[in-house]
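A.B. asks: This is the structure I want to talk about, given as structure tokens.
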Amino acid sequence: MALIWGSSFPFSKLAIDAIGPMPFRFITLVLSCSILFVLFYKEVSASMAIMDKQNMFKMMVVALPNILLVPTLNNLALYYTSVTNATILIYTMPCFTSVILMLMARKIDFLSVLAAVLCLLGGVFVLNEIFISLGEVIILSSALVWAVGTILAQKVKPTLSSKATLFWQFLFSALCLGVILLFTLERQQWILSVEIVLSDLKIMMSLLYISAIGSALIYFIWFYLIKTKSAEFASYATLFSPLITLVIMMLFSDEYPLLTQALGFALILLSAVIINIVKPLLTRRSSG
Numbered sequence: 031m032a033l034i035w036g037s038s039f040p041f042s043k044l045a046i047d048a049i050g051p052m053p054f055r056f057i058t059l060v061l062s063c064s065i066l067f068v069l070f071y072k073e074v075s076a077s078m079a080i081m082d083k084q085n086m087f088k089m090m091v092v093a094l095p096n097i098l099l100v101p102t103l104n105n106l107a108l109y110y111t112s113v114t115n116a117t118i119l120i121y122t123m124p125c126f127t128s129v130i131l132m133l134m135a136r137k138i139d140f141l142s143v144l145a146a147v148l149c150l151l152g153g154v155f156v157l158n159e160i161f162i163s164l165g166e167v168i169i170l171s172s173a174l175v176w177a178v179g180t181i182l183a184q185k186v187k188p189t190l191s192s193k194a195t196l197f198w199q200f201l202f203s204a205l206c207l208g209v210i211l212l213f214t215l216e217r218q219q220w221i222l223s224v225e226i227v228l229s230d231l232k233i234m235m236s237l238l239y240i241s242a243i244g245s246a247l248i249y250f251i252w253f254y255l256i257k258t259k260s261a262e263f264a265s266y267a268t269l270f271s272p273l274i275t276l277v278i279m280m281l282f283s284d285e286y287p288l289l290t291q292a293l294g295f296a297l298i299l300l301s302a303v304i305i306n307i308v309k310p311l312l313t314r315r316s317s318g
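Using the working numbering, the letters of the sequence shown map in sequence onto residues 31 to 318.
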């Protein structure tokens with residue numbers, strides 16, 4: 031999961047700079063729907079017979095923040111800021127997740143507090159060295175929405191199979207974004223975007239990679255982790271992704287993090303180690 035998400039931002043940036051964030055997201059959603067429908071045709075067909083209003087509502091509640099809003103906000107942020115800034119700041123999400131979960135439980139957990147503080151400090155170090163533009167504001171908003179969506183994914187569970195649920199969530203997101211773009215994007219922009227995609231193999235491969243691997247597959251793994259582990263565990267598991275992103279950017283784009291950005295990233299990564307390694311280890315020892 032970390033490998034896929036870590037490579038997604040650099041691949042996305044390539045296409046977003048060429049065709050714009052909104053056409054990019056819509057095209058990837060449509061392609062993801064097509065791929066999921068072909069792969070999970072049997073499960074999707076079976077789900078049609080048992081689909082009801084309750085399941086539909088649950089799927090929309092989870093899809094709205096996780097599949098529609100977060101990736102769309104990420105794409106918009108990448109249009110206005112660098113991959114490095116977006117990568118580090120989006121992974122303040124687990125900090126928000128820990129805080130929200132503790133507020134919901136009305137119970138303070140020392141390790142969760144420590145991880146949240148380290149994650150927050152990491153974000154502060156990153157922001158301290160840069161001019162805060164619209165891109166940084168959008169990516170932090172996306173991190174907060176992602177935290178809420180992660181918790182909703184754990185709490186709200188449709189009774190359909192996970193494969194069918196994923197397809198319907200992507201379809202709902204594609205339809206919502208399509209309606210929005212119908213009234214906000216000019217026809218000429220659509221034509222230009224399609225022409226650019228068809229004329230550039232790199233952009234075409236970027237779209238296919240994000241659609242198949244960076245959207246369809248990764249969300250299947252993501253929701254599975256939330257279901258089998260916990261929202262907090264899944265949140266902090268993503269924090270190993272920025273390391274991969276930063277290595278890719280340094281190797282292929284000559285985009286190097288500043289010293290304070292590297293320090294901020296180290297603090298964020300340390301918070302992931304606390305939740306994903308230290309906390310489970312101490313829990314097993316205390317229960318044993």
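Backbone N, C-alpha and C fix where the C-beta goes; we use that ideal spot for every residue, glycine too.
Taking only the alpha-carbon atoms, compute the straight-line gap between T214 and P51 and give it to the nearest angstrom.
C.D. replies: Your numbering for residue 214 matches position 184 in the sequence shown. Your numbering for residue 51 matches position 21 in the sequence shown. So the alpha carbons of these two residues sit roughly 13 Å apart.
A.B. asks: For I248, which residues from the same chain have a beta carbon less than 8 Å from its beta carbon, with the 5 sequence-adjacent residues on both sides left out?
C.D. replies: In the sequence shown, counting from the first residue as 1, residue 248 sits at position 218. Cβ within range, chain order: M31, I34, W35 and S38.
A.B. asks: Among the candidates L237, Y121, S112 and L211, whose CA atom is the shortest distance from the CA of E171?
C.D. replies: As a first step, residue 171 is located in the sequence shown; it is residue number 141 there, counting from the start. Reading off the sequence shown, one finds Ser at residue 171, where the question assumed Glu. For S171, the nearest C-alpha among the options comes from Y121.
A.B. asks: Return the first residue and the last residue of the alpha helix (DSSP H) that L297 is part of.
C.D. replies: Residue 297 sits at position 267 when you count from the first residue of the sequence shown. It spans L289 to V303 - the alpha helix (DSSP H) in which L297 sits, taken as one unbroken run.
A.B. asks: Taking only the alpha-carbon atoms, compute the straight-line gap between L293 and L174 and give it to the nearest angstrom.
C.D. replies: The residue given as residue 293 occupies position 263 in the sequence shown. The residue given as residue 174 occupies position 144 in the sequence shown. Near 22 Å, if we compare the C-alpha coordinates of L174 and L293.
A.B. asks: For a test of the three-state rule: what should DSSP assign to P188, helix, strand or coil?
C.D. replies: For this step, residue 188 is matched to residue 158 along the sequence shown. Coil, per DSSP.
A.B. asks: Near V92, which residues of its chain fall below 6 Å by C-beta distance, leaving aside the five closest residues on each side in sequence?
C.D. replies: The residue given as residue 92 occupies position 62 in the sequence shown. Excluding positions up to five away in sequence, the list reads L182, A183 and V186.
A.B. asks: Got a sec? Which residues, its chain only, sit under 8 Å from F56 by beta carbon, not counting five neighbours each side?
C.D. replies: Along the sequence shown, read from residue 1 onward, the residue named residue 56 stands at position 26. Correct list, in chain order: A204, L207, G208 and L211.
A.B. asks: Do the CB positions of I168 and L103 come within less than 7 Å of each other?
C.D. replies: Counting from 1 along the sequence shown, the entry for residue 168 is found at position 138. Counting from 1 along the sequence shown, the entry for residue 103 is found at position 73. Cβ distance < 7 Å, so I168 and L103 count as in contact.
A.B. asks: Taking Cβ to Cβ, would you say F197 is nearer than 7 Å to T290?
C.D. replies: Numbered from its first residue, the sequence shown carries residue 197 at position 167. Numbered from its first residue, the sequence shown carries residue 290 at position 260. Against a cut-off of 7 Å, the Cβ pair of T290 and F197 comes out as no contact.
A.B. asks: Any contact of the region 219-235 with the region 98-116, i.e. 3+ C-beta pairs under 8 Å?
C.D. replies: A contact between stretches requires three or more CB pairs, one per stretch, nearer than 8 Å, and the region 219-235 fails this requirement with the region 98-116.
A.B. asks: Once DSSP output is grouped into helix, strand and coil, what is the label at R136?
C.D. replies: As a first step, residue 136 is located in the sequence shown; it is residue number 106 there, counting from the start. Coil.
A.B. asks: Helix, strand or coil for S260 per DSSP?
C.D. replies: Your numbering for residue 260 matches position 230 in the sequence shown. Coil, per DSSP.
A.B. asks: Hey, which unbroken runs of the alpha helix (DSSP H) at 4 residues or more fall wholly within the region 51-94?
C.D. replies: 51-69, 71-80 and 83-93
A.B. asks: Quick one: residues in its chain with C-beta nearer than 7 Å to the C-beta of L99, no 5 flanking neighbours on either side, listed in chain order?
C.D. replies: Reading the sequence shown from its first residue, position 69 is the one you call residue 99. Correct list, in chain order: V175.
A.B. asks: Who are the near neighbours of K309 in its chain, counting only those whose CB is closer than 7 Å to its CB and skipping five residues on each side?
C.D. replies: By one-based count along the sequence shown, residue 309 stands at place 279. Residues of the same chain with a CB within less than 7 Å of the CB of K309, apart from the 5 flanking positions on each side, are L141 in chain order.
A.B. asks: DSSP on Y1, reduced to helix/strand/coil?
C.D. replies: Since the first residue shown for the chain is 31 and the last is 318, residue 1 is missing from the structure and cannot be characterised.
A.B. asks: Any heavy atom of the ligand MG inside 6 Å of the beta-carbon of I97?
C.D. replies: As presented, the structure is devoid of all ligands, the ligand MG included, so that no description of it is given.
A.B. asks: Are I9 and A45 closer than 7 Å when you measure CB to CB?
C.D. replies: Since the first residue of the chain shown is 31 and the last is 318, residue 9 is not available in this structure.
A.B. asks: Using the beta-carbon count (16 or more within 10 Å), is L312 buried or exposed?
C.D. replies: The residue given as residue 312 occupies position 282 in the sequence shown. By the 10 Å Cβ count, L312 comes out exposed.
A.B. asks: Which same chain residues, not among the five before or five after I65, have their C-beta less than 6 Å away from its C-beta?
C.D. replies: Looking up residue 65 in the sequence shown gives position 35. These residues qualify, in order along the chain: A242 and A246.
A.B. asks: Please report how far the alpha carbon of Q199 lies from the alpha carbon of S112, in whole angstroms.
C.D. replies: Taking the sequence shown and counting its residues from 1, one reaches residue 199 at position 169. Taking the sequence shown and counting its residues from 1, one reaches residue 112 at position 82. Just so you know, the alpha carbons of Q199 and S112 end up roughly 29 Å apart.
A.B. asks: Go to S163, then tell me how far its alpha helix (DSSP H) extends in each direction, as first and last residue.
C.D. replies: Your numbering for residue 163 matches position 133 in the sequence shown. First-last for S163: undefined, no H or E at that position.
A.B. asks: Report yes if the CB atom of A145 is closer than 7 Å to the CB atom of I304, and no otherwise.
C.D. replies: Within the sequence shown, residue 145 is the residue found at index 115, counting from 1. Within the sequence shown, residue 304 is the residue found at index 274, counting from 1. Yes, the Cβ-Cβ distance between A145 and I304 is below 7 Å.
A.B. asks: So, A177 versus M123, is the Cβ gap smaller than 7 Å?
C.D. replies: On the sequence shown, residue 177 is found 147 positions in, with the first residue counted as 1. On the sequence shown, residue 123 is found 93 positions in, with the first residue counted as 1. Yes, the Cβ-Cβ distance between A177 and M123 is below 7 Å.
A.B. asks: Specify, as a first and last residue, the run of the alpha helix (DSSP H) that S236 falls within.
C.D. replies: Along the sequence shown, one-based indexing puts residue 236 at 206. That run of the alpha helix (DSSP H) goes L231 to S241.
A.B. asks: Taking the C-alpha atoms as reference points, what is the distance between V147 and D139?
C.D. replies: To locate residue 147, count along the sequence shown from 1; it is residue 117. To locate residue 139, count along the sequence shown from 1; it is residue 109. Going by the C-alpha atoms only, they are around 12 Å apart.
A.B. asks: Please state the DSSP three-state secondary structure of M280.
C.D. replies: Looking up residue 280 in the sequence shown gives position 250. Three-state result, M280: helix.
A.B. asks: For a test of the three-state rule: what should DSSP assign to T122, helix, strand or coil?
C.D. replies: Locating residue 122 in the sequence shown gives position 92, where the first residue counts as 1. Coil.
A.B. asks: Measuring straight from C-alpha to C-alpha, what distance separates L94 and A296?
C.D. replies: For the purposes of this step, residue 94 is taken as residue 64 along the sequence shown, with counting starting at 1. For the purposes of this step, residue 296 is taken as residue 266 along the sequence shown, with counting starting at 1. Using only the alpha carbons, I get a separation of about 31 Å.
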